[in-house]
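Visitor: Numbering (the numbering used here), first residue to last: 90 to 556.
(1) Out of curiosity, what's the CA-to-CA distance linking residue 179 and residue 163?
(2) Can you tell me which of the three DSSP states residue 232 falls into?
(3) Give the straight-line distance between the Cα atoms of residue 396 and residue 519, rounded to the nearest whole angstrom.
(4) Who are the Cβ neighbours of residue 182 in its own chain at under 7 Å, not counting the five residues just before and after it?
(5) From the DSSP output, in three-state form, read off residue 456 for me.
(6) For residue 177, which of helix, strand or coil comes out of DSSP?
(7) With a Cβ-Cβ cutoff of 7 Å, do residue 127 and residue 256 count as a contact?
(8) Mind checking residue 194: buried by the 16 CB within 10 Å criterion, or exposed?
(9) Under the rule that 16 or more other beta-carbon atoms within 10 Å means buried, what is residue 557, buried or exposed?
(10) What does DSSP give as the partner residue(s) for residue 165 in the beta ladder?
(11) Thinking just about the alpha-carbon of each residue, which of 439, 424 and 402 is nearest to the one in residue 382?
(12) Ignore the nearest five residues each way along the sequence and tell me which others in residue 471's own chain have a CB closer than 6 Å to its CB.
(13) For residue 434 and residue 503, I'd like the C-alpha separation in whole angstroms.
(14) For the stretch 408 to 427 and the stretch 341 to 353, state whether three or more C-beta atom pairs, one from each stretch, are separated by less than 8 Å.
(15) Should the stretch 261 to 274 be regarded as contacting the stretch 284 to 294, the criterion being three or more beta carbon pairs within less than 8 Å?
(16) Alpha carbon to alpha carbon, how far is residue 244 from residue 108? Give it in angstroms, no decimals.
(17) Starting from residue 510, trace the alpha helix (DSSP H) in both directions and tell me its first and last residue.
(18) Is any heavy atom in the ligand ZN found nearer than 6 Å to the beta carbon of residue 349?
(19) Short of 8 Å in beta carbon distance, which residues of its chain neighbour residue 92, apart from the five on each side in sequence? Order them along the chain.
(20) Thinking just about the alpha-carbon of each residue, which of 428, 204 and 456 is nearest to the one in residue 418?
(21) Specify the secondary structure class of residue 309 as computed by DSSP and reduced to three states.
(22) Under 8 Å, with one C-beta from each stretch per pair, do the stretch 140 to 153 and the stretch 185 to 193 reach the 3-pair mark?
(23) Whose C-beta lies closer than 7 Å to the C-beta of residue 229 among residues of the same chain, with five residues either side of it excluded?
(24) For the candidate residues 293, 296 and 301, whose alpha-carbon lies nearest to that of residue 283?
(25) For the stretch 209 to 217 and the stretch 111 to 125, state whether three or more C-beta atom pairs, one from each stretch, are separated by less than 8 Å.
(26) Just the Cα atoms here: how many angstroms apart are residue 234 and residue 174?
(27) Using a 10 Å radius around the Cβ and a threshold of 16 neighbouring Cβ atoms, would you call residue 451 buried or exposed?
(28) Under 7 Å, do residue 432 and residue 511 count as touching if we go by C-beta distance?
(29) Which residue's Cα is closest to the Cα of residue 135: 120, 152 and 122?
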């Protein structure tokens, strides 16, 4: 494309230069010729007054000499009466040409050796017609033409070179973004998902770069969402696996019990492998649309009915509060259930049997808080626990459970925080925003506090003092 632009510019500029330079050169040549013959006419006119007064040879020689053209000027006076014909200067024109001018009575030019002559008729006092001949050499006719043609040629070459240089720069400006676009496409095709194209160059190429970058971002997002879905679905399997592990522990001894426990352990290991394989995914949760959502109180009651049976087997005390009235939230039912299962599964997985736990739901004007508290040993590093894929370092811990909860909260504009509970262990606070604000975007997860309305804060504080 670059060389094509250069060739087109070279051809077009050359044609334009020729179209203007050739006619202009011809005009300059005609102007030089007209200038030379105009000078000859002025010289002939300088002699005419003297001829109308006298035909004396000596006086006419002085007039011709004063005109400065004694070598290039000649005067031809015909014979009259007793006066003989007079010829002053060197005659170059033919006798026939002089006779024709005398007979016609108008000026004429004729070609002679080395140039041209101007024959100018002048009326004498005797009634005869004298002819003044002025020689115009070719050198005078072409005087200045070489310089003019050289200037025209220089200007034309400068225009051609300038146009080629500009076309080359424009070609580079167009080709370079196109080459970067091609390179970016190759890199993306080779699996380099970080390949992006600078949005520069002509408008069309900038739009193409914007579209390419948007496409690359979408590809990365789609792949991330697929890995995220695989990790989340695998993590949801942890809940029934926990139930199987707890039930297998109560089977006692025997080959069947050992095989069951071994199979559950193997299945847990496979699930953990899937989760860790997909843990590098960058989560992206979309806020629920208008009209979507569920009753948080109903979902909490349903999941607590499931987990209460296991809690009873392990001798855990359970407390549920704030679920006696409907609590609408802009979250899908399955997502809230998965988040609760992740939090409650962590309680059963990371606290010893007999450890009490509680779930409290607090409904405010613009937010809903779900608190999951336990009486365990607590979390030494809450910030590290919030980091995706970090885990607790123990077997069977992937760190994705809290990330599922965090993404659920941020999809509504809320957040998740970890602290100490009134029961003495860990308290996970799930803040679900109700006013439809855009999801929170932060470089450090869970590090931004939101303004809480006074009514919700007072309810939250009262809940912490419940026995």
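The C-beta atom is built at its ideal place from N, Cα and C for all residues, glycine as well.
Guide: Answer, in terms of the structure:
(1) By 1-based counting over the chain shown, the position of residue 179 is 90. By 1-based counting over the chain shown, the position of residue 163 is 74. Using only the alpha carbons, I get a separation of about 6 Å.
(2) By 1-based counting over the chain shown, the position of residue 232 is 143. Residue 232 sits in coil when the DSSP states are folded into three classes, being neither helix nor strand.
(3) Your numbering for residue 396 matches position 307 in the chain shown. Your numbering for residue 519 matches position 430 in the chain shown. Distance between the alpha carbons of residue 396 and residue 519 is about 19 Å.
(4) Here residue 182 refers to the residue found at position 93 of the chain shown. Only 199, 201, 206, 208 and 222 meet the Cβ criterion.
(5) In the chain shown, residue 456 corresponds to position 367, counting from 1. The answer is strand: DSSP assigns residue 456 an E or B state.
(6) The residue labelled residue 177 in the question sits at position 88 within the chain shown. Reduced to three states, the DSSP call for residue 177 is strand.
(7) Along the chain shown, read from residue 1 onward, the residue named residue 127 stands at position 38. Along the chain shown, read from residue 1 onward, the residue named residue 256 stands at position 167. Not a contact, by the Cβ cut-off of 7 Å.
(8) Taking the first residue of the chain shown as 1, we reach residue 194 at position 105. Flag for residue 194 reads exposed.
(9) Here the chain covers residues 90 to 556 and nothing more, so residue 557 does not appear.
(10) Counting from 1 along the chain shown, the entry for residue 165 is found at position 76. DSSP, once it has assigned bridges, lists 176 and 220 as partnering residue 165.
(11) Indexing the chain shown from 1 puts residue 382 at position 293. Measuring from the Cα of residue 382, the nearest candidate turns out to be 424.
(12) Residue mapping note: residue 471 aligns to position 382 of the chain shown, counting from 1. Same-chain partners within the cutoff: 507.
(13) Position 345 of the chain shown holds residue 434. Position 414 of the chain shown holds residue 503. Separation of residue 434 and residue 503 (C-alpha to C-alpha, rounded to the nearest whole angstrom) is 22 Å.
(14) no
(15) yes
(16) Counting from one through the chain shown, the residue named residue 108 turns up at place 19. Counting from one through the chain shown, the residue named residue 244 turns up at place 155. Whole-angstrom Cα-Cα distance: 13 Å.
(17) Locating residue 510 in the chain shown gives position 421, where the first residue counts as 1. No alpha helix (DSSP H) holds residue 510; DSSP gives it neither H nor E.
(18) With respect to the ligand ZN, the structure offers nothing, as it holds no ligand at all.
(19) Within the chain shown, residue 92 is the residue found at index 3, counting from 1. Excluding residues within five positions, the ones whose Cβ falls inside 8 Å are 260.
(20) Here residue 418 refers to the residue found at position 329 when the chain shown is read from its first residue. Closest option to residue 418, Cα to Cα, is 456.
(21) For this step, residue 309 is matched to residue 220 along the chain shown. Helix.
(22) Contact between the stretch 140 to 153 and the stretch 185 to 193 is not established, with fewer than three Cβ pairs separated by less than 8 Å.
(23) Residue mapping note: residue 229 aligns to position 140 of the chain shown, counting from 1. 125, listed in sequence order.
(24) Residue numbering aside, residue 283 sits at position 194 when the chain shown is read from its first letter. Residue 301 is the option with its Cα nearest to residue 283.
(25) No: fewer than three Cβ pairs fall under 8 Å.
(26) If you number the chain shown from 1, residue 234 lands on position 145. If you number the chain shown from 1, residue 174 lands on position 85. Approximately 40 Å between the Cα atoms of the pair.
(27) Within the chain shown, residue 451 is the residue found at index 362, counting from 1. Buried, by the Cβ-count rule.
(28) Along the chain shown, read from residue 1 onward, the residue named residue 432 stands at position 343. Along the chain shown, read from residue 1 onward, the residue named residue 511 stands at position 422. No; because the gap between Cβ atoms is not below 7 Å, this pair is not in contact.
(29) Mapped onto the chain shown, residue 135 falls at position 46. Minimum Cα distance to residue 135 is reached at 152.
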